[in-house]
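Peer 1:
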Amino acid sequence: MKLVLACTGLAAALAVSLAPAAEARLRAPNDPPARPAARSNPPKIIPVRPAARTVAPKWTAVTPPTSGARGISSAGLSDVVKTYCGSCHSERTKRGNLVLAAYNVDDAATDVVVSEKMIRKLRADMMPPPGSKRPKGDSLLALVEAIESNIDHAGPINPGNRTFQRMNRPEYERVVRDLLKVEVNAGDYLPLDTKSANFDNISDVQSLSPALLESYLNAAAAVSRMAVGELKAPNTQAVYKISPYASQHPWDHVDGTPYGTRGGMVFTHTFPADAEYEFRLNIGGGVGTRLEDLDISVDGEQVALLKYEKGLARNNTSADAPAGFDYLRTMPVKVRAGQRKVSVAFVRRTEGPFEDLVKPHDWSRASAGTASAGTTESPPLTEVAINGPFRATGVSENESRKALFTCKPTAVAVQRACAQQILTRVATKAYRRPLKTTDVSALMGFYDKAATAGNPNAFEDGVRNGLQAMLASPYFVFRFESTPATVKPGRDFTISDIDLASRLSFFLWGTIPDDKLMSLARHNQLSTKATFNGEVKRMLADPRSEALSTRFGSQWLRLQDLDKVHPDAFFFPDFDLQTARAMQTETELFMADLIRNDRSIMDMYTADYTFVNERLAKHYNILGVTGDEFRKVKYPDDTRRGLLGQGSVLVQTSYGNRTSPVLRGKWVMEVLIGMPPPPPPPSVPDLEQTVGAKDGRQLTTRERMELHRADPSCKTCHQYMDPIGL
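Note that the sequence shown covers residues 16 to 741 in the numbering used here.
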């Protein structure tokens, strides 16, 4: 099955709130989770009725019920259940808290929970268990097909009302970037998103509280200031901290810093006005008294070079710095308004091998000021603060202002008309629909409140105030969908092309629709089958489809769990934060390539290629890769294949000091197969408590797991997890 075709079907499905591609019907809100495995010969993927009590544009398909499957009658299939499942799942034994002795295939839909559990176990070939008697031929396949068919036919075509949805953190960042050319970190303003099954865009679990609404108001105020600039911005301090797990080894270059430097950090900072700013650095003392030069650059241009020598040179150093740390600060530096890339790094003083006084590996010291394991001789940078603005002189043109101010009034008399043109254009994109007269008048009301007579900066202040109101509007934060006035409550109606465009764009791009998508929607052309499929393919080829790999792919594969695993530096001295980030990027690029180039879905398991930069190539012992840029390479041998050979998966399924076949088997069952094992009984001992030696020798991990699996209470799950993990 080709991924583009699969994504086309999924887009058609999910853009109108359909079930997964393997489904031929819409699932009701109280249905159990969708089955992980696709059926044999699934029906063609076509839009059905979305969950907002709406009807899809044109096409529907429902799998018809069957009285049997593969030549076996329903009565015969019910006998299969009784014969091969009844002994373990009787009223007396109730293995797995499941009773199937009287199960009737024709009545599968009367107890959907039990039937769905049977489908998952049968599809995964977990039942009957290994060693038990099994029916011959295709009886089990016929059984699961019949159960699925009966459930699907009995399921409601309309699953009920669609819960309204709000933008989550990643969506907010992408929308602001596409709308205003402003890069923001939503985590600075918005609380963590509630997740369901590790996904952060499930509307049913999205919380709504006064504190959350206040967060959106604060974010709107901050973003509007970033986009417009602020000549009279107050003096503030922004602090950027570097992770204690980031490598700052004497020969370790950080991506984004100037070549010839080591350690440090790179970040984007918004300078509100053309003014002077002060940079303050927090330096860990390190070991010894080596002279260090610190390069501070803005957009690749050096703005300051500080000298630092622990214990000797303390110029511009705070007298009240904590023990083991020094504060350095620059003289005021002139910087133009706008978002700028700031880098702070040490000038590298060595090119060859460097012997660490404490430990010869490249982990930075932890934030404490002691020489703990992992401390390097060279001092690490721990945080950077930017103070200002001071003595502002104006607000220069930058990318965000160019995107926002598409007209510039030459006289006071035309300022309001220009402001209305700007706010109308931006709000049409922000609200993802044509504006009403009341929308425009509301925004202009906010403009008038700030653009007061006698204010020399009235025009920009008014636009900023209107923009802030727009970004705080429910029409921006929430993804509302229109209901025709003639439709009675509870009745079905066809979703509009405008709302379809929004659903499709947020699914594939994680952001607002572009001009072409909205143009098709305004002319009611998006809902035609040919146009819809063509737009899905166009959107998948667009760079913005990286949202599928960084949002869906990362959350599905649990790449965020990489931050929770810190390999023991004694056993893995070469592993650091940059390596972990490179591993995550590798998997995201792999998933993006898989989708964008229409590759076989089996490449996730068998691909002999991956994406690496120099750092990751060294970790994998792949030769011939230099530089920070990632590129596609073939594995030199067959020891790694597909996702399961990538460091992101291997690290998150390991402990800090060893691999874990159990964690890996559990991860495969939960993430790839969709069959999470039940939690272990409280009385079951950990693997570490299993005997570690026998007959005078140390047991291997495999042998210890066999002993662990001998416990009857462990065997049920471990007989599946362990072989996968090993």
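Just so you know, even glycine gets a beta-carbon here, dropped at the ideal spot from N, CA and C.
Quick one: Cα of Ala536 to Cα of Arg447, how far?
Peer 2: Here the question's residue 536 lines up with position 521 in the sequence shown. Here the question's residue 447 lines up with position 432 in the sequence shown. The alpha-carbon separation between Ala536 and Arg447 amounts to approximately 11 angstroms.
Peer 1: Measuring straight from C-alpha to C-alpha, what distance separates Ser93 and Lys109?
Peer 2: By 1-based counting over the sequence shown, the position of residue 93 is 78. By 1-based counting over the sequence shown, the position of residue 109 is 94. Approximately 18 angstroms between the Cα atoms of the pair.
Peer 1: Within its chain, find whatever has a CB closer than 7 angstroms to the CB of Lys751; leave out the 5 residues flanking it on each side and keep chain order.
Peer 2: The question about residue 751 has no answer here: the residues shown for the chain are numbered 16 through 741.
Peer 1: Could you name the residues of the same chain whose beta carbon sits closer than 6 angstroms to that of Tyr187, not counting the 5 residues immediately before and after it, in chain order?
Peer 2: Counted from its first residue, the sequence shown places residue 187 at position 172. Ala201.
Peer 1: What's the call for Lys73, buried or exposed, on a 16-neighbour Cβ count within 10 Å?
Peer 2: By 1-based counting over the sequence shown, the position of residue 73 is 58. The predicted position of Lys73 is uncertain, since its pLDDT is 48 and thus under 50; no value can be drawn from it.
Peer 1: Whole-angstrom Cβ separation of Gly680 and Met619, contact assumed at under 8 angstroms?
Peer 2: Residue numbering aside, residue 680 sits at position 665 when the sequence shown is read from its first letter. Residue numbering aside, residue 619 sits at position 604 when the sequence shown is read from its first letter. About 17 angstroms; that fails the 8 angstroms criterion.
Peer 1: Just curious, the beta strand (DSSP E) that Arg277 is in, first and last residue?
Peer 2: Position 262 of the sequence shown, counting from 1, holds the residue named residue 277. Arg277 -> beta strand (DSSP E) spans 276 to 286.
Peer 1: Return the bridge partner residues of Asp308 from the DSSP annotation.
Peer 2: For the purposes of this step, residue 308 is taken as residue 293 along the sequence shown, with counting starting at 1. According to DSSP, Asp308 bridges with Lys322.
Peer 1: Closest by CA to His268, which one among Gln593, Leu320, Lys97?
Peer 2: Taking the sequence shown and counting its residues from 1, one reaches residue 268 at position 253. Answer by Cα proximity: Gln593.
Peer 1: For Asn216 and Tyr635, I'd like the C-alpha separation in whole angstroms.
Peer 2: The count along the sequence shown starts at 1 and reaches residue 216 at position 201. The count along the sequence shown starts at 1 and reaches residue 635 at position 620. Answer to the nearest angstrom: the Cα atoms are 34 angstroms apart.
Peer 1: If we ignore side chains and look at the alpha-carbon of each, how far apart do Arg614 and Arg559 end up?
Peer 2: Along the sequence shown, read from residue 1 onward, the residue named residue 614 stands at position 599. Along the sequence shown, read from residue 1 onward, the residue named residue 559 stands at position 544. Roughly 19 angstroms between the two C-alpha positions.
Peer 1: Return yes when the Cβ of Ala139 is within less than 8 angstroms of the Cβ of Ile166, no when it is not.
Peer 2: Taking the first residue of the sequence shown as 1, we reach residue 166 at position 151. Taking the first residue of the sequence shown as 1, we reach residue 139 at position 124. Contact: no.
Peer 1: Taking Ala319 and Phe294 to be in contact with their CB atoms under 8 angstroms, please state how far apart those CB atoms are, rounded to whole angstroms.
Peer 2: Looking up residue 319 in the sequence shown gives position 304. Looking up residue 294 in the sequence shown gives position 279. Right, their Cβ atoms sit about 6 angstroms apart.
Peer 1: Looking at Gly275 and Phe361, is the spacing between their C-beta atoms short of 8 angstroms?
Peer 2: Taking the sequence shown and counting its residues from 1, one reaches residue 361 at position 346. Taking the sequence shown and counting its residues from 1, one reaches residue 275 at position 260. Contact: no.
Peer 1: Could you check what DSSP says for Tyr670 in three-state terms: helix, strand or coil?
Peer 2: Locating residue 670 in the sequence shown gives position 655, where the first residue counts as 1. In the structure shown, Tyr670 sits in coil (DSSP, three-state: anything other than H, G, I, E or B).
Peer 1: In terms of residues, what are the limits of the beta strand (DSSP E) holding Gln252?
Peer 2: Locating residue 252 in the sequence shown gives position 237, where the first residue counts as 1. Element bounds for Gln252: 251 to 256.
Peer 1: Could you give the DSSP three-state label for Asp341: helix, strand or coil?
Peer 2: Translated into the one-based positions of the sequence shown, residue 341 becomes position 326. Three-state result, Asp341: strand.
Peer 1: Would you grab the beta carbon distance between Pro693 and Cys732 for me? Rounded to a whole angstrom, and I think it's under 8 angstroms.
Peer 2: In the sequence shown, the residue the question calls residue 693 occupies position 678. In the sequence shown, the residue the question calls residue 732 occupies position 717. Yes, Pro693 and Cys732 are in contact; Cβ-Cβ is about 7 angstroms, under 8 angstroms.
Peer 1: Starting from the C-beta of Thr408, find all residues in its chain whose C-beta is less than 7 angstroms away, skip the five residues before and the five after it, and write them out in chain order.
Peer 2: Position 393 of the sequence shown, counted from the start, is the residue given in the question as residue 408. Taken in chain order, the residues that qualify are Asp289, Ala290.
Peer 1: Could you spell out the range, first to last residue, of the beta strand (DSSP E) harbouring Ala116?
Peer 2: The residue given as residue 116 occupies position 101 in the sequence shown. Neither: Ala116 is in no beta strand (DSSP E) and is coded neither H nor E.
Peer 1: Quick check on the burial criterion: 16 or more other C-beta atoms within 10 angstroms. Buried or exposed for Asn297?
Peer 2: On the sequence shown, position 282 is the one that residue 297 refers to. Asn297 comes out buried.
Peer 1: Since Gln667 contacts Thr625 with CB under 8 angstroms, what's their CB separation in whole angstroms?
Peer 2: Counted from its first residue, the sequence shown places residue 667 at position 652. Counted from its first residue, the sequence shown places residue 625 at position 610. So it is not a contact: roughly 17 angstroms between Cβ atoms.
Peer 1: Figure out for me which residue from Val427, Lys451, Gln734 has the closest Cα to the Cα of Asn472.
Peer 2: As a working note, residue 472 is residue 457 in the sequence shown. Checking every option, the nearest Cα to that of Asn472 belongs to Val427.
Peer 1: By the 10 Å Cβ neighbour count, where 16 or more other Cβ atoms means buried, how is Ala66 classified, buried or exposed?
Peer 2: The sequence position of residue 66 within the sequence shown is 51, counting from 1. With a pLDDT of only 35 at Ala66, under the threshold of 50, the placement of this residue in the model should not be trusted; the figure read from the coordinates follows. Buried, since its Cβ has 16 or more Cβ neighbours within 10 Å.
Peer 1: Could you tell me which uninterrupted beta strand (DSSP E) segments, each at least 3 residues in length, are contained entirely in the region 470 to 517, listed from first to last along the chain?
Peer 2: none
Peer 1: Given this structure, state the Cα-to-Cα distance separating Thr283 from Tyr255, to the nearest angstrom.
Peer 2: Here the question's residue 283 lines up with position 268 in the sequence shown. Here the question's residue 255 lines up with position 240 in the sequence shown. If I take the Cα positions, the gap works out to 10 angstroms.
Peer 1: Please classify Ser55: does DSSP put it in a helix, a strand, or coil?
Peer 2: Taking the sequence shown and counting its residues from 1, the one referred to as residue 55 is at position 40. Annotation note: pLDDT 34 at Ser55 (below 50); position unreliable, coordinate value reported separately. DSSP places Ser55 in coil when its eight states are reduced to three.
Peer 1: I'd like to confirm the pairing. Which residues does DSSP put opposite Val648 in its beta bridges?
Peer 2: Translated into the one-based positions of the sequence shown, residue 648 becomes position 633. Per DSSP, Thr625.
Peer 1: Which parts of the region 178 to 261 are runs of the beta strand (DSSP E), unbroken and 3 residues or longer, counting only runs that do not cross its ends?
Peer 2: Here the runs fully enclosed are 251 to 256.
Peer 1: Over the uninterrupted beta strand (DSSP E) stretch that includes Ala428, give me the two end residues.
Peer 2: Locating residue 428 in the sequence shown gives position 413, counting from the first residue. Ala428 -> no beta strand (DSSP E), and no H or E assigned at all.
Peer 1: Going by DSSP, which residues form a beta bridge with Leu296?
Peer 2: Working through the sequence shown from its first residue, we reach residue 296 at position 281. According to DSSP, Leu296 bridges with Leu343, Val399.
Peer 1: Could you tell me how far apart the beta carbons of Met182 and Val492 are, in whole angstroms, since I believe they sit closer than 8 angstroms?
Peer 2: Here residue 182 is taken as the residue at index 167 of the sequence shown, counted from 1. Here residue 492 is taken as the residue at index 477 of the sequence shown, counted from 1. 6 angstroms between Cβ atoms; contact.
Peer 1: Might you give, ordered along the chain, the residues of its own chain that have their beta carbon closer than 8 angstroms to the beta carbon of Ala562, omitting 5 neighbours on each side?
Peer 2: Locating residue 562 in the sequence shown gives position 547, counting from the first residue. Counting only Cβ-Cβ distances below 8 angstroms, and skipping sequence neighbours, we find Pro185, Arg189, Leu523, Trp524, Gly525, Thr526.
Peer 1: Whose C-beta lies closer than 7 angstroms to the C-beta of Ala352 among residues of the same chain, with five residues either side of it excluded?
Peer 2: As a working note, residue 352 is residue 337 in the sequence shown. So the qualifying residues of the chain are Gly244, Phe286, Pro287, Ala288, Asp289, Val410, Ser411, Asn413.
Peer 1: So the candidates are Met346, Asn470, Asn480; which of them puts its Cα closest to the Cα of Leu10?
Peer 2: Only positions 16 to 741 of the chain appear in the structure, and residue 10 is not among them; the question remains open.
Peer 1: Rounded to whole angstroms, how far is the Cβ of Ala234 from the Cβ of Leu205, which I believe are closer than 8 angstroms?
Peer 2: For the purposes of this step, residue 234 is taken as residue 219 along the sequence shown, with counting starting at 1. For the purposes of this step, residue 205 is taken as residue 190 along the sequence shown, with counting starting at 1. Yes, they are in contact, since the Cβ atoms of Ala234 and Leu205 sit about 6 angstroms apart, within 8 angstroms.
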